[in-house]
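Number of protein chains: 2
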Amino acid sequence: MKQKRYFLSEADLPKQWYNIQADMVNKPMPLLNPATKEPLKAEDLFPIFAKELCKQELNQTDRWIDIPDKVREMYAYYRSTPLVRATGLEKALDTPAHIYFKNESVSPVGSHRLNSALAQAYYCKEEGIKNVTTETGAGQWGTALAYAAKLFGLEAAVYQVKISYEQKPYRRSMMQVFGAQVTPSPSMSTRAGKDILTKNPNYQGSLGTAISEAVELARMTPDCKYTLGSVMSHVTLHQTVIGLEAEKQMEMAEEYPDIVIACFGGGSNFGGISFPFLRHNILDGKNTRFIAAEPSSCPKLTRGKFEYDFGDESGYTPLLPMFTLGHKFAPANIHAGGLRYHGAGVIVSQLLKDGYIEAVDIPQTESFGAGCLFARAEGIIPAPESCHAIAATIREALKCKESGESKTILFNLSGHGLVDMSAYDQYLAGNIRDYDLPDEEIRKSLDASE
Amino acid sequence: MKQKRYFLSEADLPKQWYNIQADMVNKPMPLLNPATKEPLKAEDLFPIFAKELCKQELNQTDRWIDIPDKVREMYAYYRSTPLVRATGLEKALDTPAHIYFKNESVSPVGSHRLNSALAQAYYCKEEGIKNVTTETGAGQWGTALAYAAKLFGLEAAVYQVKISYEQKPYRRSMMQVFGAQVTPSPSMSTRAGKDILTKNPNYQGSLGTAISEAVELARMTPDCKYTLGSVMSHVTLHQTVIGLEAEKQMEMAEEYPDIVIACFGGGSNFGGISFPFLRHNILDGKNTRFIAAEPSSCPKLTRGKFEYDFGDESGYTPLLPMFTLGHKFAPANIHAGGLRYHGAGVIVSQLLKDGYIEAVDIPQTESFGAGCLFARAEGIIPAPESCHAIAATIREALKCKESGESKTILFNLSGHGLVDMSAYDQYLAGNIRDYDLPDEEIRKSLDASE
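In order, the protein sequences belong to chains A and B.
Position in the first sequence (first residue = 1) + 223 = this note's numbering.
Position in the second sequence (first residue = 1) + 223 = this note's numbering.
Structure follows, in C-alpha cells:
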C-alpha cells in the first residue's frame, strides 16, 4: 500500500499557539516562591526568563496566543512538517489500525525542539538580551537553541548532561558548528556544579543538575536569560503548533485520532501534539485517548507522586505542582537522554490527575526494538526518545489486531536518531539493558527531595 | 528576508527519467570488453547487473524512460524534495546573486542516493534476484541500498571502504539497522581483497577496491547482482529526477539558473541536477554554466586524462572512456568519502571533453569552511561531499559581489552531514588538512594503470 503524506500550504500554517490553560476545568495550581510559599507572579520570573515568556507561563485566560511574524517566518523554513500514514509499519504489524505519525524530525536540527527555541530566542532578542543559556540532555534541545540563537544573533552557552556529552559527541559538535559554547554538566563553573562534584566526583549528570547550572549562570550574568526545552508551560504552548497542524492534516486524511501518543520527558512534545486534540475532548465531547510514553527507568507519571517539587537538582527554581520522582532523583544512564527528567510539567500533571490523559512506561530494550522495526518499515531511524512513542503505538496497534478494531492512532515522531547511532549499535550487539527501579528507591528519592 | 521553499504536488512529480544520451551531439564512446577490446552489448553486462539496468546503460536513443509505478510510489515517500532560496547564505555573503539549493538531504537515508537505490532494487526484485551487493565510501550509497533492499525484500551485502568504515561508524550502524551485512574493504572474503591486502596490509581502501570485491561477490553468487551508486549512466539517469523537479520548481520561483553546481564523485548527483537543464543548452540555445566541484586531492576532471580505463582497482569492469587518474590511484583520506573515486562517468567525461560543462577543484579546508558558513546561515549541516558544491557556489557568489551581477545559482545539496560530525569536530579543532598532489604522482598512477 502506498505511503501517504500530508502537507499544509504556507497560508494554512497556524497563526496562533493554543493555550490549553484557558480551557482546563481545573487550572494548574500556582507555582510557589520556595522561600515565602507565596504564589508566583510573572514579575518574579523576570530575572530568569524573557518577560513575554513569563507572561505566557502564567496565562490562564487567553486561549490563543499570536505567533510573532518573525517566528512564523522561521517556522516556514521547515513547517508544515509532514503527517505520514505509516503503511509500512501497519503492514509489518499486520494490524487493522490506521497509524499516522507527525514527522518533526525534518526540522533543520532534527527534532521538534526548534519550535520553542525559535520563539524563546525571538523574545529574548526583542527584549534586548545578548546571551542565552540552557541545559540539554541528549543534545536535541541544545542544538535547537544553538541554531535559534545564531539566527537571532545571540550568544548561546549550553550545559550538557555529562553522560550525554560523552555518549553523544556528535550533538556536541552540532552545537559547536552552530557556534554555541558547550560545557559538560556538572561542571566546576558554577556553585551548583561544584557542590555536586564535591559530593560525588563521578556523577554523570542529570537534566536537573544542568538546569541548576544554567539558571545560576543566567542569574549571575547581565544581559543573559535562561531558556528551557520542556517542562514549562510556555514551552508546551509553542509546541502546540505540532498538534494544530496535525489537526488540519488529519482532516485532509479524513480521519480523527482515537488515540494520540507521544514520548514523555518534561511534557512539551506530548502536550504539543495532544492539547489541540484534547481541547475537543474538553469542549466538544470527543473521546480521544492520550498516552504519554515514559521510560521505565524514569517513571514519574506512572509511579511518581503529585506534589510540589523543584524543577532542578539544587532547588533554584520555583516550586512546581507536578508528578515527580523527587528533584534529587538520579536517573539511570538510558540513551533517551531527553527523557531523563524527574518531573512532569504542571499542565500535564494536572490533566493526568484529572484523568484526561494516560501514561505507560516502556523498558529501554522494548523501545529500541520498536525503533528498529519502524526504521525497517518506514525508512526513518527514530531518536531513542521517539522510540518510546513508537513502542507504545505498537502495543496499541497489536491490541487492535487482537480485537479486530480499526482504530486511528496518531503519534509524534519527535526526532530522528541519526546522531544516536552508537546507541543502536549497542542495541544490535545485545548491549542495551533495562533498569529495575524498586519502589523503595523511588520512596528514598522522594524523601531526600523533601 | 524570508526563506522560500518550493514543493511540487504529487501529480507534478516526474513520470519519466531524462536520458541525455539521446540528445548528445557526440555520444559517449562505447564501453569495451577488456579481453577483446570489442564494444560491449547489454547482454555482456547481464552477469553483473539486472537486465533492465544494462539496457538503460547503453540506451542512446530514448530521451525519456518511464519510471516504474512502484518506484514512483516509493519516491513519493520523500519527493518532491524542497527547492530552497538560500537567503541566509546570500545575506552572509552580502552578494547580489540569487542562490537556490535543491535539498536532497531530506530523503529517509539523508542523501540523493536513494533515487537510484530504489530503482535498482526494484529491477533486481522484478527479475527474481534475491541478493544485491555493492560498495560504499562514506556510506551514503550503502545506506540507501540497504534501505531499498529491505523495502523490496532483498538481502544486501555492502563492502565499505575501510577508512570510512572506521571514520564513520554511524553509517555502518545505519546500514545494519536497515538489515544489511557490512564488510570493511579490502577484506579477506574475496580474491581481489586478498591480493591487495597481501601487497599492502595497511591499505585503507578505496571505492575502486570495494567495487572489485562487490563485483566478484556478484559473479560468484547465484541470484546475486551488483549495484552501483554512481559512475554508470543508468545511475545518473535515475538521478535526473532531481533536475526535472528543480526545473519545475525554478519555474515556480520565476527564475532560470545561470549556473548549476554539484559536487563530483562519479557524476550521478552532478548529472542528476544538471542534465535536465543542460538539455536546454543543447536543444534550446540556453547558456547555463555547469560546474562540477571535485576535491583537490582527487582531481580527475581538472587534472586527469581522458582515456579508456577500468572502473575498479582490480580490472574486473569493462573499459570505460573517461577522465581518470588511473584505476590504481589511491586517494588521500579526505572526509568526503563519496568523492574518493579515480574516474568520471562516461557521459560527463564526454560532455567535459566537448566543453558543455566545467570543473573546479576544492581544497578540503575550504570545503569545511563553506559547510560551517552554510550551516550557520541555513541551519542544515551539509555532508562533506556537498560542502564542495557549497564552496564552489560561494566562489561564484563572491564573484557576483565583485562584479555587481545578480546571477541565479542553483546547487545540489546532495546530503546532510549529521553522520559526519566527527569530521566537523576535527575541522573546528584545526585538525583538517589539505593534500598536495604533485603532477608526478598523477603521472605515476596513470602509468601504473596502463
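Cβ coordinates follow ideal geometry from the N, Cα and C atoms, glycine included.
Tell me the DSSP bridge mates of L542 of chain A?
Within the first sequence, the letter at position 319 stands for residue 542 of chain A. Answer is A:L255, A:F533, bridged to L542 of chain A.
Given 8 Å, three or more beta-carbon pairs between the region 634-647 of chain B and the region 340-356 of chain B:
no
If you measure from the beta carbon of Q462 of chain A to each beta carbon in chain B, is any gap under 9 Å?
On the first sequence, residue 462 of chain A is found 239 positions in, with the first residue counted as 1. It does not: the Cβ of Q462 of chain A has no partner Cβ on chain B nearer than 9 Å.
Proximal residues, the region 394-422 of chain A versus chain B, C-beta separation under 9 Å
R394, R395, S396, M397, Q399, V400, F401, G402
Buried or exposed (CB count within 10 angstroms, at least 16 for buried), G653 of chain B
Counting from 1 along the second sequence, the entry for residue 653 of chain B is found at position 430. Counting Cβ neighbours within 10 Å, G653 of chain B comes out exposed, since fewer than 16 surround it.
Please state if the CB of V438 of chain A and the CB of I271 of chain A are separated by a distance shorter than 9 Å.
On the first sequence, residue 271 of chain A is found 48 positions in, with the first residue counted as 1. On the first sequence, residue 438 of chain A is found 215 positions in, with the first residue counted as 1. Contact flag set, yes.
In the DSSP assignment, find the alpha helix (DSSP H) that holds K471 of chain A and state where it starts and stops.
By 1-based counting over the first sequence, the position of residue 471 of chain A is 248. Looking at the DSSP string, the run of the alpha helix (DSSP H) that includes K471 of chain A is 456-475.
Round the Cβ separation of K528 of chain A and F546 of chain A to the nearest angstrom and send it over; I've been treating them as touching at under 8 Å.
By one-based count along the first sequence, residue 528 of chain A stands at place 305. By one-based count along the first sequence, residue 546 of chain A stands at place 323. With a Cβ gap of about 7 Å, K528 of chain A and F546 of chain A count as contacting.
Buried or exposed by the 16-neighbour rule on C-beta atoms within 10 Å, applied to S396 of chain B
By one-based count along the second sequence, residue 396 of chain B stands at place 173. Flag for S396 of chain B reads buried.
Cutoff 9 Å: L641 of chain A Cβ touching any chain B Cβ
The count along the first sequence starts at 1 and reaches residue 641 of chain A at position 418. L641 of chain A counts as touching chain B.
Name, going along the chain, the residues of the region 596-608 of chain A whose beta-carbon falls closer than 7 Å to a beta-carbon of chain B.
A598, R599, G602, I603, I604
Using a C-beta cutoff of 9 Å, does L368 of chain A count as contacting chain B?
As a working note, residue 368 of chain A is residue 145 in the first sequence. Not one chain B Cβ lies under 9 Å of L368 of chain A.
For the alpha helix (DSSP H) containing Y579 of chain A, list its first residue and its last residue.
Here residue 579 of chain A is taken as the residue at index 356 of the first sequence, counted from 1. It is not in any alpha helix (DSSP H) - Y579 of chain A carries neither H nor E in the DSSP assignment.
Tell me whether G466 of chain B is buried or exposed, calling it buried when 16 or more other Cβ atoms sit within 10 Å of its Cβ.
By 1-based counting over the second sequence, the position of residue 466 of chain B is 243. By the neighbour-count rule (16 or more Cβ atoms within 10 Å), G466 of chain B is buried.
Alpha carbon to alpha carbon, how far is A415 of chain B from G549 of chain B? Give it in angstroms, no decimals.
The residue you call residue 549 of chain B lines up with position 326 of the second sequence. The residue you call residue 415 of chain B lines up with position 192 of the second sequence. In a straight line, the C-alpha of G549 of chain B is about 17 Å away from that of A415 of chain B.
Is G360 of chain A close to chain B, meaning its C-beta is less than 9 Å from at least one C-beta of that chain?
Stepping through the first sequence from its first residue, residue 360 of chain A is reached at position 137. No, its Cβ sits nowhere closer than 9 Å to a Cβ of chain B.
Counting C-beta neighbours from all protein chains within 10 Å, is the total for E673 of chain B 16 or more, i.e. buried, or is it exposed?
Counting from one through the second sequence, the residue named residue 673 of chain B turns up at place 450. With fewer than 16 other Cβ atoms within 10 Å, it is exposed.
Just grab the DSSP bridge partners of V307 of chain A for me.
Residue mapping note: residue 307 of chain A aligns to position 84 of the first sequence, counting from 1. Per DSSP, A:R228, A:F324.
Rounding to the nearest angstrom, what Cα-Cα distance links N338 of chain A and T459 of chain A in this structure?
Reading the first sequence from its first residue, position 115 is the one you call residue 338 of chain A. Reading the first sequence from its first residue, position 236 is the one you call residue 459 of chain A. The straight-line gap from Cα to Cα measures roughly 10 Å.
Hey, would you say A476 of chain A sits closer than 9 Å to I496 of chain A, going by beta carbons?
Start at 1 with the first residue of the first sequence, and residue 476 of chain A comes out as number 253. Start at 1 with the first residue of the first sequence, and residue 496 of chain A comes out as number 273. Contact: no.
Tell me whether V569 of chain A sits in a helix, a strand or coil according to DSSP, three-state version.
Translated into positions along the first sequence, residue 569 of chain A becomes position 346. The answer is helix: DSSP assigns V569 of chain A an H, G or I state.
Under three-state DSSP, which class holds V438 of chain A?
Numbered from 1 along the first sequence, position 215 holds the residue referred to as residue 438 of chain A. Reduced to three states, the DSSP call for V438 of chain A is helix.
With P445 of chain B as the anchor, note down where its beta strand (DSSP E) starts and where it stops.
For the purposes of this step, residue 445 of chain B is taken as residue 222 along the second sequence, with counting starting at 1. Looking at the DSSP string, P445 of chain B is not in any beta strand (DSSP E), and its letter there is neither H nor E.
Locate the alpha helix (DSSP H) running through E517 of chain A, then write down its first and last residues.
Counted from its first residue, the first sequence places residue 517 of chain A at position 294. Looking at the DSSP string, E517 of chain A is not in any alpha helix (DSSP H); the run it does join, the beta strand (DSSP E), is 512-518.
What residues are listed by DSSP as bridge partners for C486 of chain B?
Taking the first residue of the second sequence as position 1, residue 486 of chain B is located at position 263. Paired residues: B:A516.
Given a threshold of 16 other Cβ atoms within 10 Å of its Cβ, counted over all protein chains shown, does P424 of chain A qualify as buried or as exposed?
Here residue 424 of chain A is taken as the residue at index 201 of the first sequence, counted from 1. Classification for P424 of chain A: exposed.
Contacting positions in the region 329-340 of chain A - beta carbon closer than 9 Å to chain B:
V329, S330, P331, V332, G333, L337
Compare the C-beta of S387 of chain B with all C-beta atoms of chain A and state if any pair is closer than 9 Å.
Residue mapping note: residue 387 of chain B aligns to position 164 of the second sequence, counting from 1. For S387 of chain B, the answer is no, since every Cβ of chain A falls outside 9 Å of its Cβ.
Considering only the beta carbon of each residue, do S429 of chain A and V384 of chain A sit closer than 9 Å?
Within the first sequence, numbered from 1, the residue matching residue 429 of chain A stands at position 206. Within the first sequence, numbered from 1, the residue matching residue 384 of chain A stands at position 161. Against a cut-off of 9 Å, the Cβ pair of V384 of chain A and S429 of chain A comes out as a contact.
By the three-class DSSP mapping on this structure, what secondary structure does D289 of chain B have?
Numbered from 1 along the second sequence, position 66 holds the residue referred to as residue 289 of chain B. Strand, per DSSP.
Apart from the five residues on each side of it in sequence, which residues of its chain come closer than 7 Å, Cβ to Cβ, to T284 of chain A?
The count along the first sequence starts at 1 and reaches residue 284 of chain A at position 61. Answer for T284 of chain A: A245, listed in chain order.
Where DSSP assigns a beta bridge to N338 of chain B, which residues make up the other side?
Walking along the second sequence from the start, residue 338 of chain B turns up at place 115. Answer is none; N338 of chain B lacks a bridge partner.
Where do the N-terminal and C-terminal ends of the beta strand (DSSP E) with E358 of chain B fall, by residue?
Here the question's residue 358 of chain B lines up with position 135 in the second sequence. Unbroken beta strand (DSSP E) run through E358 of chain B: 354-359.
So which of A:T444, A:N282, A:V583 has the shortest CA-CA distance to L484 of chain A?
As a working note, residue 484 of chain A is residue 261 in the first sequence. Checking the displayed sequence, the identity of residue 484 of chain A turns out to be Ile instead of Leu. Nearest of A:T444, A:N282, A:V583 to I484 of chain A, Cα basis: A:V583.
Just checking, does the region 573-591 of chain B make contact with the region 508-518 of chain B on the three C-beta pairs under 8 Å criterion?
yes
Is there a Cβ of chain A sitting closer than 9 Å to that of L651 of chain B, yes or no?
Position 428 of the second sequence, counting from 1, holds the residue named residue 651 of chain B. For L651 of chain B, the answer is yes, since a Cβ of chain A falls inside 9 Å of its Cβ.
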